[in-house]
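Novice: Take this structure, written in structure tokens, and hold onto it; I'll ask about it next.
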Amino acid sequence: MAAGPSLRIVVDGDSSRVYRRGERVTGRVILGIEEQDEIRSLRVCFAGTCTTKTTRPFYVTGNDADATQSRRAFEERICLFNFRRDLLPRCTLAPKKYTWTFAFRFPELTEPKYSRWTHGSKYSRGPHPLPPSFHQRTNSPDGQAKVSYHLQAKLVRGGPKATAKTYHPLVYQPAPRDIPQEPRITSSVLYAQTWKPLSENRTAVDKALVKISRRTSAGDRNPRIIPTIHYPQKIAPGQHIPLLLSLTNVHRAVNHGEACEPECILDSLTVSISTCTTSMCGQPMSQPEDVVLKHVTCLSKTDLNETLPFGTATKLTNNFRLVDNAECVPSFRTYTIIRRYDLTVTVGIKYGDRSFTIRSTMPLEILPRTLGETSPALHNDAEADIEPLPLYAPREPSKEFAPSYEALYSLSRTHSSSGSLAYTESRSLSVASGISTPALGACAPAPDLEQADFGELPMRSRC
Numbered sequence: 018m019a020a021g022p023s024l025r026i027v028v029d030g031d032s033s034r035v036y037r038r039g040e041r042v043t044g045r046v047i048l049g050i051e052e053q054d055e056i057r058s059l060r061v062c063f064a065g066t067c068t069t070k071t072t073r074p075f076y077v078t079g080n081d082a083d084a085t086q087s088r089r090a091f092e093e094r095i096c097l098f099n100f101r102r103d104l105l106p107r108c109t110l111a112p113k114k115y116t117w118t119f120a121f122r123f124p125e126l127t128e129p130k131y132s133r134w135t136h137g138s139k140y141s142r143g144p145h146p147l148p149p150s151f152h153q154r155t156n157s158p159d160g161q162a163k164v165s166y167h168l169q170a171k172l173v174r175g176g177p178k179a180t181a182k183t184y185h186p187l188v189y190q191p192a193p194r195d196i197p198q199e200p201r202i203t204s205s206v207l208y209a210q211t212w213k214p215l216s217e218n219r220t221a222v223d224k225a226l227v228k229i230s231r232r233t234s235a236g237d238r239n240p241r242i243i244p245t246i247h248y249p250q251k252i253a254p255g256q257h258i259p260l261l262l263s264l265t266n267v268h269r270a271v272n273h274g275e276a277c278e279p280e281c282i283l284d285s286l287t288v289s290i291s292t293c294t295t296s297m298c299g300q301p302m303s304q305p306e307d308v309v310l311k312h313v314t315c316l317s318k319t320d321l322n323e324t325l326p327f328g329t330a331t332k333l334t335n336n337f338r339l340v341d342n343a344e345c346v347p348s349f350r351t352y353t354i355i356r357r358y359d360l361t362v363t364v365g366i367k368y369g370d371r372s373f374t375i376r377s378t379m380p381l382e383i384l385p386r387t388l389g390e391t392s393p394a395l396h397n398d399a400e401a402d403i404e405p406l407p408l409y410a411p412r413e414p415s416k417e418f419a420p421s422y423e424a425l426y427s428l429s430r431t432h433s434s435s436g437s438l439a440y441t442e443s444r445s446l447s448v449a450s451g452i453s454t455p456a457l458g459a460c461a462p463a464p465d466l467e468q469a470d471f472g473e474l475p476m477r478s479r480c
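The structure is reproduced here in structure tokens:
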């Protein structure tokens, strides 16, 4: 008995290629028939899907309860787009190898439209840009959130014969739209974290008397510090993330004629990025959600002792960039999956012997990465950090002549000294180890070298 037909998809170009918006997907569908077969249809599909799965505890009371089904499964599958092309109508094929070509193009927006009354108010109802290829497990058993793009060839045969299918996955990433060389900085004034360093020394009775008598006390001349955080709202992988802090002393502005007061000191800095992935599935009344949170501490510095002048924005970071790895997925929001990021900055400041902590959490949008090229900001920063080499200054050649060969190596026999033996022994050790001994002029100072300490090695004797 002959085997069934063989069906496969071959995509032109690199199989691991990452596609962008508007790019073409071309290839071939190859069908091999070993014996005459009746074919109803042959179709190739190009589609994108958004799939979410989760489970919830399921309790049933009474004798009808099934102990094996302790959890209830939920699944939602939404089609982002679906393009089809019929390759073969109903016919009978002779034993042979057949080939059909196809060509599709990634759309710019999703196609379906969903009503908020049918799928809930949290769904993205209208067409929106395609999300990137994405797959993540959730904290619930068997829970996952997945955005996938694929090609599918389906062969429907006549009679009770089985239907043949084959898939070919594709990887998609959104294309960046006019990424600026320098990110745009936004300011956030933290009025809720206004700090009065010296107000703690005043008692409640003193504060009440001042309010009743409406007299000016020494406490009114104490500093009243309002912090402001400067941060970027959008950032691309590889770009510098500028973070700045400015402090405003309100009482100093009012009493500008008084003597200069001590300034604040930057004591510590901690920067962390939080990742939040939300997946939804089910109907509006029973719509379960899985939220996956991850927190990564990017910077942690203490004992900085840097002055923070009032009214001046001070840089908190220098050459602080977003690492381009698997976790650096662009921010997106599709029908049932949301991927977003938060940037948390914690700054410790001192005023005299008083200390205060400023904490601010801001939304951060990660832009799509640029494939094949590095952003111009990277080149500019790299060139700025490199110190130029000194200019070449020609010099006159030395008039000293090399000694003659006869003077160095005499033909007369000489007795070997301890110095020559030591040189030969060190040379043989260097050759045996495979490491050449550098010259003293090229060696770094001893304190700058880090050496691995492996302890005492056991001696092995040769038989």
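Positions 18 to 480 (my numbering) are the ones given, in order, by the sequence shown. In this text, a Cβ means the ideal position worked out from N, Cα and C, and glycines have one as well.
1. Pick from 56, 329, 281: whose alpha carbon is nearest that of residue 263?
2. Going by DSSP in three states, residue 181 sits in which element: helix, strand or coil?
3. Does the Cβ of residue 141 have 16 or more other Cβ atoms within 10 Å, making it buried, or fewer, making it exposed?
4. For residue 202, count neighbouring Cβ atoms within 10 angstroms of its own Cβ and tell me buried if that reaches 16, exposed if not.
5. Could you give the DSSP three-state label for residue 162: helix, strand or coil?
6. From what residue to what residue does the beta strand (DSSP E) around residue 287 run?
7. Give the C-beta separation of residue 50 and residue 22 to the nearest angstrom, bearing in mind that I take them to be a contact with Cβ-Cβ under 8 Å.
8. Which whole-angstrom value is the C-beta distance of residue 62 and residue 169, which I expect to be below 8 Å?
9. What three-state label does DSSP hand residue 304 in the structure shown?
10. Going by C-alpha to C-alpha distance, which of 129, 115, 111, 101 sits closest to residue 122?
11. When burial is assigned at 16 or more other CB atoms within 10 Å of the CB, is residue 160 buried or exposed?
12. What would DSSP say about residue 210, mapped onto helix, strand or coil?
13. Which residues share a DSSP beta bridge with residue 43?
14. Does the Cβ of residue 296 have 16 or more other Cβ atoms within 10 Å, making it buried, or fewer, making it exposed?
15. Could you say which of 162, 107, 254, 95 lies nearest to residue 130 if we only look at CA atoms?
16. Does the beta carbon of residue 98 sit closer than 8 Å to a beta carbon anywhere in chain B?
17. Distance, Cα to Cα, residue 174 vs residue 114?
18. Buried or exposed: residue 385, going by 16 or more other Cβ atoms within 10 Å of its Cβ?
19. Taking just the CA atoms, how far does residue 318 sit from residue 37?
20. In this structure, how does DSSP classify residue 247 when only helix, strand and coil are distinguished?
21. With distances taken Cα to Cα, identify the nearest neighbour of residue 156 among 356, 192, 315, 71.
22. With respect to the beta strand (DSSP E) encompassing residue 323, which residues constitute its N-terminal and C-terminal limits?
23. Can you grab the Cα-Cα spacing for the pair residue 312 / residue 360, in whole Å?
24. Determine which residues share a DSSP beta bridge with residue 62 and list them.
25. By DSSP's criteria, residue 263 is part of a beta bridge. Which residues make up the other side?
26. Which runs of the beta strand (DSSP E), 3 residues or longer, sit entirely within the segment 308-369?
27. Would the beta-carbon of residue 260 fall within 8 Å of that of residue 375?
28. Is the CB-CB distance between residue 306 and residue 348 below 8 Å?
29. Classify residue 99 as buried or exposed, calling it buried when 16 or more other Cβ atoms lie within 10 Å of its own Cβ.
30. Please report the residue range of the beta strand (DSSP E) in which residue 381 lies.
31. Going by C-alpha to C-alpha distance, which of 64, 340, 58, 53 sits closest to residue 42?
32. Using C-beta distances below 6 Å, list every residue in its chain close to residue 55, excluding the 5 sequence neighbours before and after it, in chain order.
33. Looking only at DSSP bridge pairs, what is residue 252 linked to?
34. Would you mind reading off the limits of the beta strand (DSSP E) that contains residue 25?
Specialist: To lay it out plainly:
1. 329
2. strand
3. Flag for residue 141 reads buried.
4. exposed
5. strand
6. 281-297
7. Indeed, because the Cβ distance is near 5 Å, the residues count as touching under 8 Å.
8. 5 Å
9. coil
10. 101
11. buried
12. Residue state, collapsed to three classes: helix.
13. 120
14. buried
15. 95
16. Note that chain B does not occur in the displayed structure, where there is just one protein chain.
17. Those two C-alpha atoms are separated by around 16 Å.
18. buried
19. 39 Å
20. strand
21. 71
22. 323-325
23. 10 Å
24. 101, 169
25. 245
26. 323-325, 354-368
27. no
28. Against a cut-off of 8 Å, the Cβ pair of residue 348 and residue 306 comes out as no contact.
29. Under a 10 Å Cβ-count criterion, residue 99 is classified as exposed, with fewer than 16 other Cβ atoms of the shown protein chains found around its own Cβ.
30. 371-383
31. The shortest Cα separation from residue 42 among 64, 340, 58, 53 belongs to 64.
32. 109, 175
33. 383.
34. 23-28
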